[in-house]
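In order, the protein sequence lines correspond to chains W and Z.
The first sequence begins at 6 in the working numbering and counts up by one.
The second sequence begins at 2 in the working numbering and counts up by one.
Positions of the beta carbon are idealized from the N, C-alpha and C atoms, including for glycine.
It should be emphasised that the depicted structure is a prediction, and the values quoted were computed from it without experimental measurement.
Notes for the one structure printed next.
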Amino acid sequence: MKRYGEHRFPGKLFVVEGIDGSGKSTQLLLLHQWLKAEGFGVVFSEWNSSPLVRDITKRGKKKQMLSPATFSLIHSTDFADRTERNIIPLLKAGAVVLCDRYIYTAFARDVARGMDPKWVRELYSFAVKPTAAFYFRVPLETAIQRLLDGRSGFKYYEAGMDLGLSVDTEESFRLFQGRIIEEYEKMVPEFELTAVDATQPIEVEQAQMRQIVRSKLAQAKRLRVAP
Amino acid sequence: MRETYGTVLPGMNLADLTGKLIVIEGTDGVGRSTQIDLLKPWLEQEGRAVLDTGLTRSDLAGRGIKQAKEGHTLGPLTLSLFYATDFTDRLEQEIVPALRAGFVVLTDRYIYSLMARALIRGIDAAWLQNAYSFALKPDAVFYLRIGVDDLIPRVVFSRGFDYWESGMDLHPSEDMYESFRKYQTALLAQFDLLAEKYVFDVIDASGSPQGVFGQLRDRIGRVLSGEPREPLFSLVTAPPVPLAASDGDGRKEAAPVRAFEVPEKTPAKVPEKHPARERTGKGAAHAAAKTSGGAESV
Chain W
6 MKRYGEHRFP GKLFVVEGID GSGKSTQLLL LHQWLKAEGF GVVFSEWNSS PLVRDITKRG
66 KKKQMLSPAT FSLIHSTDFA DRTERNIIPL LKAGAVVLCD RYIYTAFARD VARGMDPKWV
126 RELYSFAVKP TAAFYFRVPL ETAIQRLLDG RSGFKYYEAG MDLGLSVDTE ESFRLFQGRI
186 IEEYEKMVPE FELTAVDATQ PIEVEQAQMR QIVRSKLAQA KRLRVAP
Chain Z
2 MRETYGTVLP GMNLADLTGK LIVIEGTDGV GRSTQIDLLK PWLEQEGRAV LDTGLTRSDL
62 AGRGIKQAKE GHTLGPLTLS LFYATDFTDR LEQEIVPALR AGFVVLTDRY IYSLMARALI
122 RGIDAAWLQN AYSFALKPDA VFYLRIGVDD LIPRVVFSRG FDYWESGMDL HPSEDMYESF
182 RKYQTALLAQ FDLLAEKYVF DVIDASGSPQ GVFGQLRDRI GRVLSGEPRE PLFSLVTAPP
242 VPLAASDGDG RKEAAPVRAF EVPEKTPAKV PEKHPARERT GKGAAHAAAK TSGGAESV
C-alpha cells in the first residue's frame with residue numbers, strides 16, 4: 006500500500022481546491038482546453054465515478070442519513086474507487102489528470118464537521134500526491150454573492166445544515182463555509198498548496214496557473230495526433 | 002466510562018453506555034449465527050433486552066455492499082472503506098443507542114473480521130487501526146476458533162463454497178476447494194494474531210453447537226454479572242501462512258505475512274503445534290495449547 010508522496014508515475018496530476026463560488030471549476034475548464042490544444046493526453050477525473058457508491062451517497066444525502074463520520078467514510082469510499090480504478094491507471098499510462106476537488110476538500114469539510122484532523126488525513130493516506138494543487142482563495146462574501154447570483158439556494162449538506170449551526174440556510178452556509186476556509190488556510194503550508202488570489206480577473210488567474218503547470222510538464226507525454 | 006480504540010466520533014457521548022457489547026467473531030461457516038440464534042432467546046429468558054446486529058446490515062450501505070460484491074468490481078481499499086461506512090452507520094444508529102438503553106448488544110463479527118479480510122488483501126495494519134480507532138471496546142470478544150480441516154466439511158455439506166469466502170478475488174487457485182483452503186488458512190492465521198493483540202476469549206468451535214453454546218452461555222453469564230474478565234488461556238499462534246504458500250508442510254518455510262505489530266517472538270512458540278493436528282482435526286488440541294504466561298496484549 007503506497008502512501009501519499011510515495012507514488013512514482015509518468016503521468017501528472019493537477020487539482021483545484023476552494024469553496025463553492027471561488028471560480029476553481031472555470032479555471033480548470035480553461036486549463037483543460039489549453040492542455041488539449043497543446044497536445045497533451047489530458048483527462049478529467051470526475052467525482053462519483055462509481056455508480057454504485059454514487060447511488061448510496063445520493064440516497065444518504067437525500068434522506069439526511071449521514072453523520073459526520075459516515076459522510077466522511079462514504080466519500081472516502083468513492084475517492085478510493087476513483088483512485089484505484091481511474092486516477093492510478095491514468096497516471097500509469099502517462100496522462101495529465103485533472104481533478105476538480107481532491108482530498109483537501111475532504112479534510113476541510115470533515116474537520117469542519119468535527120472529525121479528528123489526524124484521523125481524516127490518515128484515512129486518505131493512500132491518495133496520490135498531486136503534481137500541483139491550486140487553492141482559489143476568495144473572501145466568503147465574494148463567493149456567496151457569486152453563488153446567490155447563479156442559483157436558487159443551498160443544499161442541506163453543502164450548507165452544513167446537519168451541524169445545526171443555524172436554522173437559516175444562508176446563515177448556516179456562511180458559518181459552515183467560514184469554517185472550511187479556516188481549514189483550507191491551515192492546509193496551504195501543510196500540503197504546499199499553491200494559493201491563487203481568486204478575486205483577480207479570470208484571464209489573469211488562468212495565466213498564473215498555466216505558467217506553473219507548464220513548468221511541471223517538461224517531460225510529460227504529448228499525443229502524436231493533434232486533437 | 003466506555004473506551005474506544007483511540008479517537009471519539011463527534012457527538013458520541015461515551016458516558017452512560019450501560020449496556021453490554023458482546024462480539025462473536027470467527028471465520029466463515031464456523032457457526033456464529035447458529036450461536037447467536039441460541040444466545041438471544043436465552044438472554045431474553047434471563048430478562049435481558051437484546052439487539053443483534055452484524056456486518057452489512059446497515060440501512061445506509063448494507064444493500065450497496067451486497068450489490069458491489071455481486072459485480073466483483075470494487076478494489077480492496079474501496080471495499081474496506083465501504084465496510085467501514087456500514088460499520089459506522091450501525092455503530093451510531095444501532096449499537097450506541099442500544100447500549101445507552103441498557104441492552105445487551107450481540108454482534109455477529111466486529112472490526113476484527115473486517116481487519117482480517119483487509120490485511121490478507123494487502124491493506125496496511127496501521128491504516129486499518131486508524132480507520133477503526135473510534136470503535137467501542139467491547140465487553141467481551143468470543144472467538145469461535147476452528148482449524149481449516151474441521152471447517153471444510155461443514156461448509157461443503159451445508160452451503161457449498163462461496164466466491165468471497167474462498168477469496169476468489171485474490172485468485173489463490175483455479176479450483177474452488179484449493180482456493181477456499183488457502184484463503185481460510187490465511188484468514189485463520191490473521192484471526193489468531195488479532196486474538197493475541199485484542200485478547201479474545203477463545204472458544205474451540207470444532208465441537209457440537211450445543212457444547213459451544215454451553216461455554217458461551219457460561220462466559221457471557223460471567224460478563225453480565227460483572228465479573229472481571231480473564232482470558233482462559235492464551236492462544237498459541239501458528240505462523241501466518243501467506244496465501245501464495247501451498248498448504249500442509251509448505252508452512253515451514255513460509256515467511257510471515259505482515260500483521261498487527263506481531264511480536265518477533267511469536268513464531269518461536271510454534272513447536273507446540275504440529276501438522277498432524279491440522280490433519281486429524283481434533284478440536285481438543287486447541288485447548289491443549291495452554292500456556293502458563295496468560296494472554297497479555299501488546
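Residues of the region 72-99 of chain W whose Cβ lies closer than 7 angstroms to any Cβ of chain A, in chain order: Within the model displayed, chain A is absent; protein chains W and Z are what it includes.
Secondary structure of Z:V299, DSSP reduced to three states: In the second sequence, the residue the question calls residue 299 of chain Z occupies position 298. The predicted model places Z:V299 with a pLDDT of 32, which falls under 50 and marks its position as unreliable; any figure quoted below should be read in that light. It is coil, neither helix nor strand.
DSSP three-state label for W:K160, please. Along the first sequence, one-based indexing puts residue 160 of chain W at 155. Of the three classes helix, strand and coil, the one that applies to W:K160 here is coil, per DSSP.
Would you decide whether Z:S81 is buried or exposed? Buried here means 16 or more other CB atoms lie within 10 Å of its CB. Here residue 81 of chain Z is taken as the residue at index 80 of the second sequence, counted from 1. Buried, since its Cβ has 16 or more Cβ neighbours within 10 Å.
Residues in its own chain within less than 8 angstroms of Z:W128 by CB, not counting five upstream and five downstream? Counting from 1 along the second sequence, the entry for residue 128 of chain Z is found at position 127. Same-chain partners within the cutoff: there are none.
Beta-carbon proximity list for Z:T8, same chain, < 7 angstroms, skipping 5 on both sides: Within the second sequence, the letter at position 7 stands for residue 8 of chain Z. S134, F135.
Would you say W:A231 lies against chain Z (beta-carbon separation less than 8 angstroms)? Locating residue 231 of chain W in the first sequence gives position 226, counting from the first residue. Here W:A231 scores only 46 on pLDDT, less than 50, and its place in the model is too uncertain to base an answer on.
Start-to-end residues for the beta strand (DSSP E) that takes in W:F139: Translated into the one-based positions of the first sequence, residue 139 of chain W becomes position 134. Looking at the DSSP string, the run of the beta strand (DSSP E) that includes W:F139 is 137-142.
Nearest CA to the CA of Z:T186: which residue from Z:E4, Z:G27, Z:R33? Here residue 186 of chain Z refers to the residue found at position 185 of the second sequence. Of the listed residues, the one whose Cα sits closest to Z:T186 is Z:G27.
I'd like the list of long-range same chain contacts for W:I186, defined as Cβ closer than 7 angstroms, with 5 residues on each side in sequence excluded. Residue numbering aside, residue 186 of chain W sits at position 181 when the first sequence is read from its first letter. Same-chain partners within the cutoff: I24, L145.
Closest to W:T147 by C-alpha separation, out of W:Y9, W:E127, W:R179, W:A137, would be which residue? Here residue 147 of chain W is taken as the residue at index 142 of the first sequence, counted from 1. Comparing Cα-Cα distances from W:T147 to each of W:Y9, W:E127, W:R179, W:A137, the minimum goes to W:R179.
Between W:M6 and chain Z, is there a C-beta pair that is closer than 8 angstroms? Here the question's residue 6 of chain W lines up with position 1 in the first sequence. Yes, W:M6 counts as interfacial toward chain Z.
For chain Z, check one thing: does any of its Cβ atoms lie closer than 8 angstroms to the Cβ of W:F181? Sequence index remark: in the first sequence, residue 181 of chain W carries index 176 (1-based). No, W:F181 lies away from the interface with chain Z (no Cβ there is under 8 angstroms from its Cβ).
In angstroms, rounded to a whole number, what distance separates the CA positions of W:G46 and W:L57? For the purposes of this step, residue 46 of chain W is taken as the residue at position 41 of the first sequence. For the purposes of this step, residue 57 of chain W is taken as the residue at position 52 of the first sequence. For W:G46 and W:L57, the distance between alpha carbons rounds to 28 angstroms.
Mapping DSSP to helix, strand and coil, what is Z:G222? In the second sequence, residue 222 of chain Z corresponds to position 221, counting from 1. Note: Z:G222 maps to helix in three-state DSSP.
Determine, using beta carbons only, whether W:L135 and W:Y161 come nearer to each other than 8 angstroms. The residue you call residue 135 of chain W lines up with position 130 of the first sequence. The residue you call residue 161 of chain W lines up with position 156 of the first sequence. One point to set straight first is that residue 135 of chain W is Pro, not Leu, in the sequence displayed. Cβ distance not < 8 angstroms, so W:P135 and W:Y161 don't count as in contact.
Residues of chain Z with CB closer than 7 angstroms to the CB of W:F131, please, in chain order. Indexing the first sequence from 1 puts residue 131 of chain W at position 126. Residues of chain Z passing the Cβ test: L78.
Check whether Z:L22 and Z:A117 have beta carbons under 8 angstroms apart: Counting from 1 along the second sequence, the entry for residue 22 of chain Z is found at position 21. Counting from 1 along the second sequence, the entry for residue 117 of chain Z is found at position 116. Not a contact, by the Cβ cut-off of 8 angstroms.
Using the Cα positions of Z:S114 and Z:L225, report the straight-line distance between them to the nearest angstrom. To locate residue 114 of chain Z, count along the second sequence from 1; it is residue 113. To locate residue 225 of chain Z, count along the second sequence from 1; it is residue 224. Distance between the alpha carbons of Z:S114 and Z:L225 is about 24 angstroms.
Cβ of Z:E93 within 8 angstroms of any chain W Cβ: To locate residue 93 of chain Z, count along the second sequence from 1; it is residue 92. For Z:E93, the answer is yes, since a Cβ of chain W falls inside 8 angstroms of its Cβ.
Using alpha carbons as the reference points, say which of W:Q150, W:V116, W:D60, W:A132 lies closest to W:G26. To locate residue 26 of chain W, count along the first sequence from 1; it is residue 21. The shortest C-alpha separation from W:G26 is found at W:Q150.
Go ahead and pull the three-state DSSP assignment for W:R179. As a working mapping, residue 179 of chain W is identified with position 174 in the first sequence. Helix.
Please determine, among W:G16, W:D60, W:M70, W:R59, the residue with the shortest C-alpha to C-alpha distance to Z:S59. Residue numbering aside, residue 59 of chain Z sits at position 58 when the second sequence is read from its first letter. If we check each option's Cα against that of Z:S59, W:M70 comes out closest.
I'd like the span of the alpha helix (DSSP H) that includes Z:Y178, first residue to last. What you label residue 178 of chain Z is simply residue 177 of the second sequence in a count that begins at 1. Z:Y178 -> alpha helix (DSSP H) spans 177-198.
Opening and closing residue of the beta strand (DSSP E) in which W:E22 lies: For this step, residue 22 of chain W is matched to residue 17 along the first sequence. Where W:E22 is concerned, the enclosing beta strand (DSSP E) stretches over 17-22.
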